[in-house]
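J.: Numbering (our numbering), first residue to last: 16 to 231.
Before we start, here is the structure in question, set down as structure tokens.
Structural data, given as structure tokens:
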């Protein structure tokens, strides 16, 4: 399976590279962004990599083969099209992109983003929409039960959203979802996400959802 820790701590020093537009099928979007951070300065890139490392360990202990799109060992990136390609070339049974949101501070909670049906240029999600929806439901339920984090108060419905503008989903040939684990600009969410024990619960929920998907 593929785990995709969103963003890269080095992206800010490589503006030219990450601002380059790439083809996501139905439009062109920036290669990547810097991601967000808490008001105290805890970066999304650090959060996502930590959660993914924790989830990888749990999954490997269960005998799963886990591929990462990046392991904190690149100066910047990878671009969103490469992130999708890594999962495709690995033939991953399932893929999850881990993120944290930078929404207005009044909003809180998590949401899972699933791919819309997009058939345009290099994008064709027809075969992955249904299995990705199944994965999304499992991840939503596991994350809420495992972390106590509420559904997002500001986007989606019941912790779920469907989008056609994310290259990491549009270009995926394997079942894939994104999870925005909380809003880093909200004080309550930021406090939880800055806590290593909460990140361990988040990772456990992520691993449990993938395990359920693969064995169910």
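Note that the Cβ used here is the ideal one computed from N, Cα and C, for glycine as well.
Going by the beta-carbon positions, is the gap between residue 224 and residue 175 smaller than 8 Å?
T.: As a first step, residue 224 is located in the chain shown; it is residue number 209 there, counting from the start. As a first step, residue 175 is located in the chain shown; it is residue number 160 there, counting from the start. Against a cut-off of 8 Å, the Cβ pair of residue 175 and residue 224 comes out as no contact.
J.: By Cβ distance, which residues of its chain are closer than 6 Å to residue 119, with the 5 residues on each side in sequence left out?
T.: The sequence position of residue 119 within the chain shown is 104, counting from 1. The answer is none, since no qualifying residue turns up.
J.: Classify residue 189 as buried or exposed, calling it buried when 16 or more other Cβ atoms lie within 10 Å of its own Cβ.
T.: Here residue 189 refers to the residue found at position 174 when the chain shown is read from its first residue. With 16 or more Cβ atoms within 10 Å of its Cβ, residue 189 is classed as buried.
J.: Can you give, in chain order, each stretch of the beta strand (DSSP E) that sits fully within the stretch 119-173 and has at least 3 residues?
T.: As far as the stretch 119-173 is concerned, its whole beta strand (DSSP E) runs of at least 3 residues are 126-130.
J.: Check for me: the alpha helix (DSSP H) holding residue 230 runs from which residue to which?
T.: Taking the first residue of the chain shown as 1, we reach residue 230 at position 215. Element bounds for residue 230: 211-230.
J.: Assign residue 111 to one of three DSSP states: helix, strand, or coil.
T.: If you number the chain shown from 1, residue 111 lands on position 96. Looking at residue 111 - three-state DSSP - the assignment turns out to be strand.
J.: Can you give the beta carbon distance from residue 111 to residue 221, rounded, assuming they're within the 8 Å contact cut?
T.: Within the chain shown, the letter at position 96 stands for residue 111. Within the chain shown, the letter at position 206 stands for residue 221. Correct: roughly 6 Å between the Cβ atoms.
J.: Less than 7 Å between the CB of residue 27 and some heavy atom of the ligand FMN, yes or no?
T.: For the structure depicted, the ligand FMN is absent and the ligand set is empty, with no information on it obtainable.
J.: Name the DSSP beta bridge partners of residue 76, please?
T.: As a first step, residue 76 is located in the chain shown; it is residue number 61 there, counting from the start. Its beta-bridge partners do not exist; DSSP assigns none.
J.: With a 10 Å radius around its C-beta and 16 neighbouring C-beta atoms as the bar for buried, classify residue 211 as buried or exposed.
T.: Position 196 of the chain shown, counted from the first residue, corresponds to residue 211. Classification for residue 211: exposed.
J.: Is the number of C-beta pairs between the stretch 95-109 and the stretch 163-175 that are closer than 8 Å three or more?
T.: Judged by Cβ distances under 8 Å, the stretch 95-109 makes no contact with the stretch 163-175, as fewer than three pairs qualify.
J.: Give the straight-line distance between the Cα atoms of residue 138 and residue 39, rounded to the nearest whole angstrom.
T.: One-based indexing of the chain shown puts residue 138 at position 123. One-based indexing of the chain shown puts residue 39 at position 24. Residue 138 and residue 39: Cα-Cα distance of roughly 7 Å.
J.: When the Cα atoms are used, what is the spatial distance from residue 67 to residue 89?
T.: For the purposes of this step, residue 67 is taken as the residue at position 52 of the chain shown. For the purposes of this step, residue 89 is taken as the residue at position 74 of the chain shown. Cα-Cα distance, rounded: 16 Å.
J.: When the Cα atoms are used, what is the spatial distance from residue 48 to residue 78?
T.: Position 33 of the chain shown, counting from 1, holds the residue named residue 48. Position 63 of the chain shown, counting from 1, holds the residue named residue 78. Roughly 33 Å between the two C-alpha positions.
J.: In chain order, what residues of the same chain have a beta carbon less than 8 Å from the beta carbon of residue 83, not counting five sequence neighbours either side?
T.: Stepping through the chain shown from its first residue, residue 83 is reached at position 68. Counting only Cβ-Cβ distances below 8 Å, and skipping sequence neighbours, we find 17, 18, 19, 20, 67 and 71.
J.: Run the CB neighbour count on residue 230, radius 10 Å, all protein chains shown included, and call it buried at 16 or more, exposed below.
T.: Start at 1 with the first residue of the chain shown, and residue 230 comes out as number 215. Result: exposed.
J.: Ordered along the chain, which non-local residues of its own chain (more than five positions away) have a Cβ less than 8 Å from that of residue 130?
T.: Your numbering for residue 130 matches position 115 in the chain shown. The residues are 140, 143, 144, 147, 177, 178, 179, 181, 184, 185, 187, 191 and 192.
J.: Residue 85: which of 127, 65, 128 and 115 sits nearest, CA to CA?
T.: Stepping through the chain shown from its first residue, residue 85 is reached at position 70. Closest option to residue 85, Cα to Cα, is 65.
J.: From 200, 226, 108 and 219, pick the residue whose C-alpha is nearest to that of residue 54; which is it?
T.: Position 39 of the chain shown, counted from the start, is the residue given in the question as residue 54. It is 200.
J.: Go ahead and pull the three-state DSSP assignment for residue 198.
T.: By one-based count along the chain shown, residue 198 stands at place 183. Here residue 198 sits in strand by DSSP.
J.: Cα-Cα, which of 30, 195 and 103 is closest to residue 151?
T.: The residue labelled residue 151 in the question sits at position 136 within the chain shown. Taking only the C-alpha atoms, the option nearest residue 151 is 195.
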